[in-house]
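Student: Supplied in C-alpha cells, the structure appears directly below.
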Amino acid sequence: MTKVVPTKDQLAALPKLQQQVYDLVLRTTLAMFADPYEYEETTIITQVGDANFKATAKVPTKQGWQALFDENKADQQEAATLPIVHQGDQVQANLQTPQKETTPPVPFTEGTLIMAMKTAGKTLDDEEAQAILKEVQGIGTSATRANVLEVLKKRGYLVSEKNKLHVSEAGITLCKAVELEPLLTSPEMTAKWEQALQQISTEERTPDNFLSQIKNFVAKLIADVPTQLTGNAAIKQQINHQQQAQKSDEVFLETPQATVLNKQKFYIVKPKQGEDFTLPKKWSSKTLGKTAIKALVTKGKTSKLKGFKSKKGKSFAAKLKLDGHKLSFDFD
Numbered sequence: 001m002t003k004v005v006p007t008k009d010q011l012a013a014l015p016k017l018q019q020q021v022y023d024l025v026l027r028t029t030l031a032m033f034a035d036p037y038e039y040e041e042t043t044i045i046t047q048v049g050d051a052n053f054k055a056t057a058k059v060p061t062k063q064g065w066q067a068l069f070d071e072n073k074a075d076q077q078e079a080a081t082l083p084i085v086h087q088g089d090q091v092q093a094n095l096q097t098p099q100k101e102t103t104p105p106v107p108f109t110e111g112t113l114i115m116a117m118k119t120a121g122k123t124l125d126d127e128e129a130q131a132i133l134k135e136v137q138g139i140g141t142s143a144t145r146a147n148v149l150e151v152l153k154k155r156g157y158l159v160s161e162k163n164k165l166h167v168s169e170a171g172i173t174l175c176k177a178v179e180l181e182p183l184l185t186s187p188e189m190t191a192k193w194e195q196a197l198q199q200i201s202t203e204e205r206t207p208d209n210f211l212s213q214i215k216n217f218v219a220k221l222i223a224d225v226p227t228q229l230t231g232n233a234a235i236k237q238q239i240n241h242q243q244q245a246q247k248s249d250e251v252f253l254e255t256p257q258a259t260v261l262n263k264q265k266f267y268i269v270k271p272k273q274g275e276d277f278t279l280p281k282k283w284s285s286k287t288l289g290k291t292a293i294k295a296l297v298t299k300g301k302t303s304k305l306k307g308f309k310s311k312k313g314k315s316f317a318a319k320l321k322l323d324g325h326k327l328s329f330d331f332d
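Shown next as C-alpha cells:
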C-alpha cells in the first residue's frame with residue numbers, strides 16, 4: 001500500500017510485475033465500495049426417455065464490482081445463455097459420448113496434506129462422526145499436524161520432491177500393514193475418541209474407562225498384527241518389493257556430510273545429521289552431474305553452470321544453491 005497516489009509517469013517507471021500488483025490492489029480496494037454484482041439464473045430440465053438433464057445459465061443484469069476485473073470472464077458469462085423455450089416444448093436430443101482420459105490425482109504438498117487432515121471428516125458417511133471431526137477440525141491439531149509430517153519424512157515414510165510429497169516403499173509397506181486393522185486408518189476412530197473425551201469433560205464417562213479401552217485396543221493390536229503380517233500374501237509381496245528396491249539403490253556419492261542415493265528420477269540425500277531430502281536429476285533442462293550434486297551437498301551451492309533453459313527455450317548460465325532443502329537459482 002502507498003500513502004501517496006503515484007502519477008502516471010511513476011507507474012510507468014515501475015517494473016511490470018509491480019504495476020500488476022498495484023493494479024490488483026487498486027481494483028480490489030475499489031471493489032469493496034462498488035455496487036453488488038447481480039444476475040438472473042435460468043434452469044431448464046429436459047426429459048429424454050426416463051432421464052432428466054439439467055442446464056443452468058446466469059445472465060448478468062448488473063456488473064457491479066465485477067466490472068473492475070476480467071472483462072473476458074464477463075463476456076464468457078454473457079455468452080453462456082440458454083435458448084428461449086417454454087414448458088412442454090418438444091426438442092431434438094443430440095446424445096454424444098465424449099472420450100476422455102483420466103489423470104492421476106495431484107500429489108499432496110505439505111500444505112494441501114495438512115488441509116486434508118484438517119477436513120478429513122468430509123469423507124465420512126456417519127453424520128455424527130462427521131460433525132465431531134468438523135468441530136475438532138479433523139485429524140490432529142494445528143500444533144501437531146506439521147510435526148507428524150516431519151516425523152514421517154524423518155523416518156523415511158514420506159519423500160519430498162519438488163515440494164510434492166510421495167510415499168516411499170517403506171511408507172507403502174506401513175500403509176498395507178495398518179490396513180489390516182481398519183480402526184487404525186479410520187477417521188471414525190478419531191471421531192469416537194474425540195467423542196469420548198467430550199463425554200469425560202461432561203462427566204458422562206470416566207478417564208479410567210477411556211484409558212482402559214485404549215489399553216485393551218493396543219494389547220489386541222500387539223497380539224494380532226504379527227500373525228496377520230506373516231499370513232498376508234499382499235504384505236509379503238510388498239516387503240519383498242521394498243527389499244528389492246533397497247538393493248537397487250546405488251550409492252551415487254559419499255561425502256563427509258551425507259550419502260547420496262541414485263533413484264530412478266531423483267537423488268536421495270541422507271545427511272549424517274538431520275532428515276533426508278531429495279535433489280532432482282534435471283533442473284531447467286540441465287542434467288545435474290556428480291560435481292554439481294557434490295557441491296550442493298558439501299557447500300550448499302555450485303559454481304556457475306551452463307546449459308539451463310528458460311520456459312521460452314533460451315539458454316542461460318547460473319549458480320545453484322540450497323536454501324534449507326530447497327533448490328533454487330543464485331544469480332549473484
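Using UniProt numbering, the first residue of the sequence shown is number 1, and each one after it goes up by one.
Backbone N, C-alpha and C define an ideal beta-carbon position, used for all residues, glycine too.
(1) Nearest-angstrom Cα distance between residue 230 and residue 220?
(2) Among 68, 59, 317, 237, which one has its Cα closest to the Cα of residue 332?
(3) Tell me which residues share the same chain as residue 119 and place their Cβ nearer than 6 Å to its Cβ, disregarding the 5 neighbours each side in the sequence.
(4) Using 10 angstroms around the beta-carbon of residue 188, count the other beta-carbons present and answer buried if the total reaches 16, otherwise exposed.
(5) Under the three-state reduction of DSSP, which class applies to residue 268: helix, strand or coil?
(6) Please classify residue 163: does DSSP put it in a helix, a strand, or coil?
(7) Using the rule of at least 16 other Cβ atoms within 10 Å of the residue's Cβ for burial, across every protein chain shown, is residue 9 buried or exposed?
(8) Which complete alpha helix (DSSP H) runs does the region 22–51 hold, if anything under 4 residues is left out?
(9) With distance defined between alpha-carbon atoms, name the residue in 112, 186, 25 nearest to residue 5.
(10) For residue 297 and residue 27, I'd like the C-alpha separation in whole angstroms.
(11) Residue ranges of each alpha helix (DSSP H) run of no fewer than 4 residues wholly in the region 141–216, ordered along the chain?
(12) Just checking, does the region 60–69 make contact with the region 29–48 on the three C-beta pairs under 8 Å criterion?
(13) How many Å lie between residue 98 and residue 86 at the Cα?
(14) Report yes if the C-beta distance between residue 286 and residue 313 is below 7 Å; otherwise report no.
(15) Once the 5 residues before and after residue 258 are set aside, which same chain residues still bring their CB inside 7 Å of it?
(16) Where does residue 280 fall in DSSP's three states?
Tutor: Judging by the given coordinates:
(1) Cα to Cα, the separation comes out at about 16 Å.
(2) When only C-alpha atoms are compared, the closest one is 317.
(3) Cβ neighbours of residue 119 beyond the five flanking positions: 138.
(4) Within 10 angstroms of the beta-carbon of residue 188 lie 16 or more other beta-carbons, which makes it buried.
(5) Correct three-state label for residue 268: strand.
(6) Note: residue 163 maps to coil in three-state DSSP.
(7) With fewer than 16 other Cβ atoms inside 10 Å of its own Cβ, residue 9 counts as exposed.
(8) No alpha helix (DSSP H) of 4 residues or more sits fully in the region 22–51.
(9) The candidate whose alpha carbon is nearest that of residue 5 is 25.
(10) So the alpha carbons of these two residues sit roughly 46 Å apart.
(11) For the region 141–216, whole alpha helix (DSSP H) runs of length 4 or above, ordered along the chain, are 145–154, 169–178, 182–185, 187–201.
(12) Yes, the region 60–69 is in contact with the region 29–48.
(13) Taken atom to atom, the span from the alpha-carbon of residue 98 to that of residue 86 is near 29 Å.
(14) The Cβ-Cβ distance between residue 286 and residue 313 does not fall below 7 Å.
(15) Only residues of its own chain outside the window of five on either side were considered, and among them 269, 270, 271, 272, 297 have a CB closer than 7 Å to the CB of residue 258, listed in chain order.
(16) Here residue 280 carries a strand assignment [DSSP, helix/strand/coil].
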